[in-house]
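Peer 1: Below you'll find the structure I mean.
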Amino acid sequence: MAEEASKLLLKTSFKSIKTIESIYNGGKVVITQDSKHLISTLSEDIIVTELDTGKQVHQLEGDTEMVTTMAVKPNKKHLVSASRSLSIRIWDLEKGECVRTFKGHDSSPVIVMDIDETSTLVATGFADGSIKVWDIDKGYCTHNFKGHGGVISAVKFHKHNGQWYLASGAVDCQVRIWDLQSRSCTAVLKSHVSVIRGLDFSADGQYLISGSRDKVVNVWEWQTKQLRATYPIFETIETVGFVEKNSEIAATLGEDWAQSEIFYTGGDLGLIKLWDLKSGKLIKAQEPEKNSQHTITDIVYIKNTQTLAAVTNDQNILMYSLEHQLERVKQIVGYNDEVVDVAYIGQDETHLAAATNSAQLRIYNVETQDCDLLYGHNDMIISLDKSKDGKVLVTASKDKTARIWKIDVEQVDSKKRYMGAGVCIGHTESVGAVALSRKSTTFMITGSQDRTIKYWNLRDLDLENPDENYRPRSLYTHQAHDKDINTICVAPNDKFFATGSQDKTAKLWNVDTGELVGTMKGHKRGVWCARFSPVDQVLATSSGDKTVKIWNLKDFTCLKTFEGHTNSVLRVDFLTAGLQLLSAASDGLVKVWTIKTNECAATLDNHTEKVWAVAVRKDEKFVVSAGADSVVNFWEDVTLQEQEEELKEKEELIIKEQELQNFIRKKDYLNAILLALSLEQPFRLLKLFKEVHEARPEGDESITGSESIDHILGELSTENIEKILKYVRDWNTNAKHSDIAQTVLNAILTSHTAEEIVEIPTAKEIIDGLLPYTDRHYQRIDDLITQSFIIDYTLQAQQ
């Protein structure tokens, strides 16, 4: 019963408990060698994230200029970053603080960077073709190399036979080797015909490989300055490097490669490829992601987990296991762009599907914020819907199709977790709205920019053996509206569905026949969203006219209008068994409305731009909002907890008031005064002082009528004296209470020196507040004025 009551409790309070935000929007990505932290650039800031949990550890605030590159010490203590402001900054990674800033160059930004294995030196390559080496901890330049004829595009430290060397590549197509001991260039390696994008040394130090946008990798015997081999890679190379020699992992790729030196490449084909150094043969290429169009801008090799993390041009970080033959084991979404739709999925709603300005569907684990990317569409996904049990998801896209997905989030095998189960082809324009049947998964309705609605028969859908090539049949197609269709929803009984359009109308349709049942007219702008009540025969709609309306589905009249948003209302949904509404708008606010009273019960404010989407968990304990600011907010309903806390506070207050009465009755004045002060009850305190004053025994020489109270006032803390003086100031303005106020003030001034009073932060303000009433009430006017002057004098002396 208690559970049922809590469900029907009108929701009035929500708190934001976590968010999914952007962590990377292009540039450099670094992963610490212990694979605990991912460090990424977000415009001028640097974000440090726990790799396992997705929890943000630090946001290192930049200097208002874009970060150009960065590198982390192998010992993980410091991060070195450079920006277009020409400054280089050293960050303490544990504290998340900048510990040193120095200027790298007078006129040229740092483009590339590398730190040596001892965590002592950082090499920086500049846009003007110069290279500088710095002592990180001491912050001074140790070497300055010049010789390249253009932007430095790659640098790499190397220790050989106790000597330190630095390899560099640039847009002049040359590779140069610099000896740090002699401070000279020992080799100029020429063969490439395009910019050098990657450099690395083999484990034995004999070979240097260089990758270039001329689509080849060169293998150099760098000490003898000889080009040993040129391997065609058949794609524009953006990164190249060796993987640690590991015979067990190499053997998983094939027995022939057990003893091979293996290097990786990544580039404009968007695939990680592994190659044999000696023969130049392709050992393994990752499986292409379906319909993916990304390129690889960098690859980060994580030694201790034997993982290659591909950084893509669409701001994702895709991690592939060497041990499992380049199987994708994790993906991190760096930037969501605008989030246009969200839906809870899975039987227990443990995951969240998000449609962003992307062809890939993002599935987040709500707890860990791990993300899976689903490839299938080849243009932006606009709308989502899910089955009642959360096991089927449908997506509508700009590519003119709608796709069906089988969801099983419990599957260990990532390939079986989300499987394509069919694709609906037939619309001639973008599909902007989609809805599944509520009671089963026997049909779905789609709406398109071509202004038609289609009914798709899903009775033949095989979820046991899903086939992404399955093509459901469309049983009917109708011209539904005069403008774009923005929303579709199916009634809880599966007999009707509703549509909303930019033509300012919402319409009700018969599911079986596709016939129009009724039209709802009244909005002054386009209808963005429509939702059926779970219990009543009413429909809620939200519109660009800044309102939410509820419609009677018997006669299609408007029953109620909710006004409060200051911009287009983009989403609406029912809450609390149909007693409340949830709305989201372009003003960045999410509002909860109580239908019976037409009042706004709560406003959820944690977005900076329009809120495109909301999703409510089945138990209504959590609400998700997402929008154009790339932020997904999770809100927890804390109405019950707040009511329980309020009730508890009231109970505690009653108990304390009873205690106060008991203390007064027992003449335990110390505890009575302290309790009245903690309860902030000046009237009770005044009453106590008045009763004691009026009951003064004959011959009593105390100030207040009780020597005990005089003594207590003399022993009170500065904080409590300040409280009483403020009460005295207020009592003194009323002729009825002025005698008691003056008596208490007299007791305080008698038992405390001016120096003690000065320690009270607001002493001057309180005394000045009392002075205007001294002519009327205060018997010791000279004392009070003197006290005020002493306070003035003491304050001036302190200053």
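Residues 1 to 799 in the UniProt record's numbering are what the sequence shown lists, from first letter to last. Note that beta-carbon positions come from the ideal geometry of N, C-alpha and C, so glycine has one too.
Tell me whether Ala396 sits in a helix, a strand or coil according to DSSP, three-state version.
Peer 2: Residue 396 sits at position 396 when you count from the first residue of the sequence shown. Three-state result, Ala396: strand.
Peer 1: Return the chain-ordered list of same chain residues with a C-beta closer than 7 Å to the C-beta of Arg776, the five sequence neighbours on each side being excluded.
Peer 2: The residue given as residue 776 occupies position 776 in the sequence shown. At Arg776, the pLDDT of 41 sits below 50, so the modelled position is not reliable; the number obtained from the coordinates is stated separately. Correct list: empty, nothing qualifies.
Peer 1: Could you give the distance in angstroms between the alpha-carbon of Thr69 and the alpha-carbon of Ser83?
Peer 2: Mapped onto the sequence shown, residue 69 falls at position 69. Mapped onto the sequence shown, residue 83 falls at position 83. For Thr69 and Ser83, the distance between alpha carbons rounds to 7 Å.
Peer 1: Out of Ser43, Thr120, Val692, Asp172, point me to the one whose CA is closest to Val72's CA.
Peer 2: Along the sequence shown, read from residue 1 onward, the residue named residue 72 stands at position 72. Answer by Cα proximity: Thr120.
Peer 1: With a cut-off of 8 Å on the beta carbons, I'd call Gly125 and Ile152 a contact; round off their distance for me.
Peer 2: Along the sequence shown, read from residue 1 onward, the residue named residue 125 stands at position 125. Along the sequence shown, read from residue 1 onward, the residue named residue 152 stands at position 152. 3 Å between Cβ atoms; contact.
Peer 1: Compare the C-alpha of Val533 against each of Lys416, Phe562, Val217, Leu581 and name the closest.
Peer 2: Reading the sequence shown from its first residue, position 533 is the one you call residue 533. The question names Val, but residue 533 in the sequence shown is Ser. Closest by alpha carbon: Leu581.
Peer 1: Please classify Ser430 as buried or exposed, where buried requires at least 16 other C-beta atoms within 10 Å of its C-beta.
Peer 2: Here residue 430 refers to the residue found at position 430 when the sequence shown is read from its first residue. It counts as buried.
Peer 1: Out of curiosity, what's the CA-to-CA distance linking Tyr207 and Asp52?
Peer 2: Within the sequence shown, residue 207 is the residue found at index 207, counting from 1. Within the sequence shown, residue 52 is the residue found at index 52, counting from 1. Whole-angstrom Cα-Cα distance: 35 Å.
Peer 1: To the nearest angstrom, how far is it from the Cα of Ile332 to the Cα of Asp462?
Peer 2: Residue mapping note: residue 332 aligns to position 332 of the sequence shown, counting from 1. Residue mapping note: residue 462 aligns to position 462 of the sequence shown, counting from 1. In a straight line, the C-alpha of Ile332 is about 31 Å away from that of Asp462.
Peer 1: Identify whether Arg684 lies in helix, strand or coil by the three-state DSSP scheme.
Peer 2: The count along the sequence shown starts at 1 and reaches residue 684 at position 684. Three-state DSSP puts Arg684 in a helix.
Peer 1: Give me the residue from Gln33, Ser678, Ala628 with the minimum Cα distance to Tyr335.
Peer 2: Working through the sequence shown from its first residue, we reach residue 335 at position 335. Checked all of Gln33, Ser678, Ala628; the closest Cα to Tyr335 is Ala628.
Peer 1: Take Ser87 and list the residues in its own chain whose beta-carbon comes closer than 8 Å to its own, dropping the five residues that flank it on each side.
Peer 2: As a first step, residue 87 must be located in the sequence shown, where it is residue number 87. Taken in chain order, the residues that qualify are Asp63, Thr101, Phe102, Lys103, Gly104.
Peer 1: Counting only the same chain and skipping the five closest in sequence on each side, list residues whose C-beta sits under 7 Å from that of Thr566.
Peer 2: Counted from its first residue, the sequence shown places residue 566 at position 566. Once the five neighbours on either side are set aside, the close Cβ partners of Thr566 are Lys546, Asp587.
Peer 1: By a C-beta neighbour count over all protein chains shown, 10 Å radius and 16 as the cutoff for buried, is Gln411 buried or exposed?
Peer 2: Here residue 411 refers to the residue found at position 411 when the sequence shown is read from its first residue. Result: exposed.
Peer 1: Do you know how far the Cα of Ser678 is from the Cα of Asp700?
Peer 2: Here residue 700 refers to the residue found at position 700 when the sequence shown is read from its first residue. Here residue 678 refers to the residue found at position 678 when the sequence shown is read from its first residue. About 29 Å.
Peer 1: Any idea what DSSP makes of Arg776, helix, strand or coil?
Peer 2: Counted from its first residue, the sequence shown places residue 776 at position 776. Bear in mind that the predicted position of Arg776 carries a pLDDT of just 41, short of 50, making it unreliable; the figure below should be weighed with that in mind. Three-state result, Arg776: helix.
Peer 1: Quick check on the DSSP output: the beta strand (DSSP E) that includes Arg696 runs from which residue to which?
Peer 2: Position 696 of the sequence shown, counted from the start, is the residue given in the question as residue 696. Unbroken run through Arg696: none, as it is neither H nor E.
Peer 1: If contacts are defined as beta-carbon pairs under 8 Å, then Cys600 and Lys610 qualify, I think. What distance do you get, rounded to the angstrom?
Peer 2: Start at 1 with the first residue of the sequence shown, and residue 600 comes out as number 600. Start at 1 with the first residue of the sequence shown, and residue 610 comes out as number 610. Not quite, the Cβ-Cβ distance comes to about 19 Å (not below 8 Å), so this is no contact.
Peer 1: Counting only runs of 3+ residues fully inside the UniProt repeat "WD" (145-188), write out the beta strand (DSSP E) ranges in chain order.
Peer 2: As far as the UniProt repeat "WD" (145-188) is concerned, its whole beta strand (DSSP E) runs of at least 3 residues are 152-160, 163-170, 174-179.
Peer 1: Buried or exposed for Cys232, please, with buried defined as at least 16 other CB atoms from any protein chain shown within 10 angstroms of its CB.
Peer 2: The sequence position of residue 232 within the sequence shown is 232, counting from 1. Correcting the residue type first, residue 232 is Pro in the shown sequence and not Cys. Exposed, by the Cβ-count rule.
Peer 1: Taking DSSP as the reference, what is the three-state secondary structure of Asn746?
Peer 2: The count along the sequence shown starts at 1 and reaches residue 746 at position 746. Three-state result, Asn746: helix.
Peer 1: Just how far apart, CA to CA, sit Asp348 and Gly390?
Peer 2: For the purposes of this step, residue 348 is identified with residue 348 of the sequence shown, where counting begins at 1. For the purposes of this step, residue 390 is identified with residue 390 of the sequence shown, where counting begins at 1. Rounded to whole angstroms, Asp348 to Gly390 spans 8 Å at the Cα level.
Peer 1: Going by DSSP, what residue range makes up the alpha helix (DSSP H) through Gly714?
Peer 2: To locate residue 714, count along the sequence shown from 1; it is residue 714. Taken as a continuous stretch (DSSP letters only), the alpha helix (DSSP H) holding Gly714 covers 707-715.
Peer 1: Excluding the five sequence neighbours on either side, which residues of its own chain have a C-beta within less than 8 Å of the C-beta of Gln259, listed in chain order?
Peer 2: As a position in the sequence shown, residue 259 is number 259, starting the count at 1. So the qualifying residues of the chain are Ser247, Ala250.
Peer 1: Are the CB atoms of Lys156 and Asn144 within a distance shorter than 7 Å?
Peer 2: For the purposes of this step, residue 144 is identified with residue 144 of the sequence shown, where counting begins at 1. For the purposes of this step, residue 156 is identified with residue 156 of the sequence shown, where counting begins at 1. The answer is no: Cβ separation not under 7 Å.
Peer 1: What separation, rounded to the nearest whole angstrom, lies between the Cα atoms of Lys146 and Gln315?
Peer 2: As a first step, residue 146 must be located in the sequence shown, where it is residue number 146. As a first step, residue 315 must be located in the sequence shown, where it is residue number 315. Straight-line Cα distance between these residues: approximately 34 Å.
Peer 1: Which class does Gln411 belong to by DSSP, given the choice of helix, strand or coil?
Peer 2: If you number the sequence shown from 1, residue 411 lands on position 411. Residue state, collapsed to three classes: coil.
Peer 1: Going by the beta-carbon positions, is the gap between Ala309 and Ile296 smaller than 7 Å?
Peer 2: Residue numbering aside, residue 309 sits at position 309 when the sequence shown is read from its first letter. Residue numbering aside, residue 296 sits at position 296 when the sequence shown is read from its first letter. No. Outside cutoff.
Peer 1: State whether the region 641-651 contacts the region 678-689, with contact taken as three or more CB pairs (one from each stretch) at a distance under 8 Å.
Peer 2: Flag = no, the region 641-651 and the region 678-689 do not touch.
Peer 1: Between Ile381 and Thr395, how many whole angstroms is the CB-CB distance? I'm expecting something under 8 Å.
Peer 2: By 1-based counting over the sequence shown, the position of residue 381 is 381. By 1-based counting over the sequence shown, the position of residue 395 is 395. Contact holds; Cβ gap of about 5 Å.
Peer 1: Considering Cα atoms alone, identify which of Asp555, Ser321, Ala695 is closest to Thr252.
Peer 2: One-based indexing of the sequence shown puts residue 252 at position 252. Among Asp555, Ser321, Ala695, the Cα nearest to that of Thr252 belongs to Ser321.
Peer 1: Does DSSP put Thr566 in a helix, in a strand, or in coil?
Peer 2: Within the sequence shown, numbered from 1, the residue matching residue 566 stands at position 566. The answer is coil: DSSP assigns Thr566 none of H, G, I, E or B.
Peer 1: CA-CA distance, Thr774 and Glu649?
Peer 2: Within the sequence shown, residue 774 is the residue found at index 774, counting from 1. Within the sequence shown, residue 649 is the residue found at index 649, counting from 1. Residue placement at Thr774 cannot be trusted, given a pLDDT of 49 that sits under 50; what the coordinates show is reported in the next sentence. Each residue's Cα considered, the two are about 40 Å apart.
Peer 1: Can you round the beta-carbon distance between Glu551 and Val538 to whole angstroms, since I take them to be within the 8 Å contact cut?
Peer 2: The residue labelled residue 551 in the question sits at position 551 within the sequence shown. The residue labelled residue 538 in the question sits at position 538 within the sequence shown. Checking the displayed sequence, the identity of residue 551 turns out to be Trp instead of Glu. About 6 Å separates the two Cβ atoms, so the contact holds.
Peer 1: Are the CB atoms of residue 800 and Lys15 nearer to each other than 7 Å?
Peer 2: Nothing about residue 800 can be reported from this structure: the residues present for the chain run from 1 to 799 only.
Peer 1: Against chain C, does Ser448 count as a neighbour if the rule is that its beta carbon must be under 7 Å from one of theirs?
Peer 2: In the structure shown, chain C does not exist; there is a single protein chain.
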